[in-house]
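Worksheet: one structure, shown below.
There are 2 protein chains.
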Amino acid sequence: MGIEIERKFLVVADDWKTLVKPVFMRQGYLSSQANRVVRVRIEDQTAMLTIKGKTEGIARGEWEYPIPVSDAQELLDGLCEQPLIEKNRYRIVIEDLVWEVDEFFGDNAGLVVAEVELNSVDQAFVKPAWCGEEVSHDHRYANANLFKHPFKLW
Amino acid sequence: MGIEIERKFLVVADDWKTLVKPVFMRQGYLSSQANRVVRVRIEDQTAMLTIKGKTEGIARGEWEYPIPVSDAQELLDGLCEQPLIEKNRYRIVIEDLVWEVDEFFGDNAGLVVAEVELNSVDQAFVKPAWCGEEVSHDHRYANANLFKHPFKLW
Chain A
1 MGIEIERKFL
11 VVADDWKTLV
21 KPVFMRQGYL
31 SSQANRVVRV
41 RIEDQTAMLT
51 IKGKTEGIAR
61 GEWEYPIPVS
71 DAQELLDGLC
81 EQPLIEKNRY
91 RIVIEDLVWE
101 VDEFFGDNAG
111 LVVAEVELNS
121 VDQAFVKPAW
131 CGEEVSHDHR
141 YANANLFKHP
151 FKLW
Chain B
1 MGIEIERKFL
11 VVADDWKTLV
21 KPVFMRQGYL
31 SSQANRVVRV
41 RIEDQTAMLT
51 IKGKTEGIAR
61 GEWEYPIPVS
71 DAQELLDGLC
81 EQPLIEKNRY
91 RIVIEDLVWE
101 VDEFFGDNAG
111 LVVAEVELNS
121 VDQAFVKPAW
131 CGEEVSHDHR
141 YANANLFKHP
151 FKLW
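In order, the protein sequence lines correspond to chains A and B.
Taking full-length UniProt numbering, I'd label the letters of the first sequence as residues 1 to 154.
Taking full-length UniProt numbering, I'd label the letters of the second sequence as residues 1 to 154.
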């Protein structure tokens, strides 16, 4: 098990967009229960099955396994809860930390969120100028909730 | 994706018991929804993450991935729906077919079920004398249902 510790912010400008090329992600859920999330994700030519435990503050257990892309396609189209989440992810390195900026499509179009993964819950970091309000504790922004209660209905 | 085609019978005698040594299995569910089952299983020194789709007659899609036993232990104890299923499985070969006889413990103690995996839905086979009533279509006998509605409550 790994521990995922991350903080999440709304994105308030778009000058980060020219820094890197995005990758397109398509993901869905075999379980979207808060304490046992099972996610299938295709990113470029790779696919991953990821299990996440209960969030405690900004930390949660995570188990991740690579799977064949053809399996992931079958699972996404045939088994996962619908609709799927589709987004572009921009990975931006700032002072040794990787910021992941997600630009959502479909019913979540208009939503842009930045996440930074930390090594400890109290780790200090520089917040980029294009980051606004912190939403780490707002469960509406969890991808496993966004497909059920999309941004366009808020 | 593989297709799992199997027929299931109640076991009415115990002379099969002397034929082979059993393996002990401990398994639990990250999703027990009928159309997207996610199962974690430890058998001896190996562990497997298995995804099963919707049952259509006696067939269903199945995707299976080996995972580290230590991960499976964490998932079974920390994330899976409780209680877990514990059983002894006896694998008995009869005329080129493998019969799996499951002897359940815990709240399902007293239940003994035999399954045979087939290559096609209409494949002919010899039913052993210790097999009684067929329960292939009775969803109460699905392991993903047995932990929620155990045999002792029937």
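Quick reminder that beta carbons are idealized off the backbone N, C-alpha and C, glycines included.
Put simply, of GLU6(B), MET1(B) and GLY2(B) the residue whose alpha carbon is nearest the alpha carbon of VAL135(B) is GLU6(B). Within its own chain, the residues whose Cβ lies closer than 7 Å to the Cβ of ARG140(A), once the five positions on either side in sequence are excluded, are HIS149, listed in chain order. Against chain B, the CB of GLN123(A) has no partner CB under 9 Å away; the residue lies outside that interface.
Using beta-carbon distances, VAL69(A) does not count as an interface residue toward chain B, since no partner is under 9 Å. Across the segment 74-102 of chain B, CB contacts with chain A closer than 9 Å involve GLU74, LEU75, GLY78, LEU79, CYS80 and GLU81, in sequence order along the chain.
Short of 6 Å from the beta carbon of ALA144(B), and not among the five residues preceding or following it, lie these beta carbons of its own chain, in chain order: TYR29, SER32 and VAL37.
Nearest to LEU79(B) by alpha-carbon distance, out of TRP63(A), GLU4(A) and SER70(A), is TRP63(A). With contact defined as three or more Cβ pairs closer than 8 Å, the segment 66-76 of chain B and the segment 99-114 of chain B are not in contact. In the three-state reduction of the DSSP assignment, LEU146(A) falls in the helix class. Per the coordinates, the alpha-carbon of PHE9(B) lies some 28 Å from the alpha-carbon of LEU76(B). The secondary-structure analysis by DSSP pairs LEU10(B) across a beta bridge with VAL113(B). Comparing alpha carbon positions, the residue from ALA114(B), TRP154(B) and MET25(B) closest to PHE105(B) is MET25(B). For SER31(B), the enclosing beta strand (DSSP E) starts and ends at 23-33.
With respect to LEU153(A), ASP107(A) sits close: the two C-beta atoms are nearer than 9 Å. Under DSSP, THR50(B) takes part in a beta bridge, and its partners are ARG39(B) and GLU64(B). Our two residues, ALA109(B) and LYS87(B), have alpha carbons roughly 9 Å apart in a direct line.
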